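Below: the structure, in C-alpha cells.
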Amino acid sequence: MYFAVGMTLPVGALIAQALGARDDRQIRRALRQGLVIGVAIGILFAPLVIAGPIILVWLGQDPELSHMATDYLTWSAVGLPFNFIFF
0 MYFAVGMTLP VGALIAQALG ARDDRQIRRA LRQGLVIGVA IGILFAPLVI AGPIILVWLG
60 QDPELSHMAT DYLTWSAVGL PFNFIFF
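Residue numbering for the sequence shown follows numbering that gives the first Met the number 0, beginning at 0 and increasing consecutively.
Here it is as C-alpha cells:
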C-alpha cells in the first residue's frame, strides 16, 4: 500500500509546479498520469485485498473470524482505485 501512495503522492507536487508555471499542458499531463497510475495500482492490489480472508487463515487467524472480514475486504477492494486517485 505504501508503494501505491509513493507512486501517486508526487502527482500533487507536479501539478502544483505546473500551476505555478501556468503550464496547462503539463497540468493535464500530470493529472492524466496520476489518474492512470492510481487506477492501475488499485486494480493490481484489489485481488490481494479480496484474498485477505485466505491470507488471514494462512497467518493463523480463526477461519470463522476470517470469514467475517470477507464483506469488509471486498468493499475495500472496490474502493481501492478511488483511494489511490485521492493521493
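All residues carry an ideal CB built from backbone N, CA and C; glycine is no exception. Computed from a prediction, not measured in an experiment: that's the story for all the values here.
Whole angstroms is fine: what's the gap from residue i's alpha carbon to residue j's?
{"i": "alanine 100", "j": "phenylalanine 2", "result": "The chain is shown from 0 up to 86; residue 100 falls before or after that span and cannot be answered."}
{"i": "alanine 31", "j": "glutamate 63", "result": "Looking at the sequence provided, one finds arginine at residue 31 rather than alanine. Near 43 Å, if we compare the C-alpha coordinates of glutamate 63 and arginine 31."}
{"i": "leucine 34", "j": "threonine 69", "result": "28 Å"}
{"i": "threonine 73", "j": "methionine 6", "result": "23 Å"}
{"i": "valine 4", "j": "phenylalanine 83", "result": "7 Å"}
{"i": "isoleucine 42", "j": "alanine 50", "result": "13 Å"}
{"i": "valine 10", "j": "aspartate 22", "result": "15 Å"}
Which residues in the same chain as residue i place their Cβ atom closer than 6 Å to its Cβ, once the five residues preceding and following it in sequence are excluded?
{"i": "leucine 13", "result": "Ala29"}
{"i": "leucine 58", "result": "none"}
Among the residues of its own chain, which have a CB less than 7 Å from the CB of residue i, if the five just before and after it don't count?
{"i": "serine 65", "result": "Pro52, Leu55 and Val56"}
{"i": "proline 80", "result": "Gly37, Val38, Gly41 and Ile42"}
{"i": "aspartate 61", "result": "none"}
Can you tell me which of the three DSSP states residue i falls into?
{"i": "methionine 59", "result": "The displayed chain sequence assigns glycine, not methionine, to residue 59. Residue state, collapsed to three classes: coil."}
{"i": "aspartate 23", "result": "helix"}
{"i": "leucine 126", "result": "Outside the modelled stretch of the chain, which goes from 0 to 86, sits residue 126, for which no answer is possible."}
{"i": "alanine 50", "result": "coil"}
Have a look at the options and flag the residue whose alpha-carbon is nearest the alpha-carbon of residue i.
{"i": "tyrosine 71", "options": "Phe83, Ile84, Ala45 and Leu58", "result": "Ala45"}
{"i": "valine 48", "options": "Gly19, Asp23 and Gly78", "result": "Gly78"}
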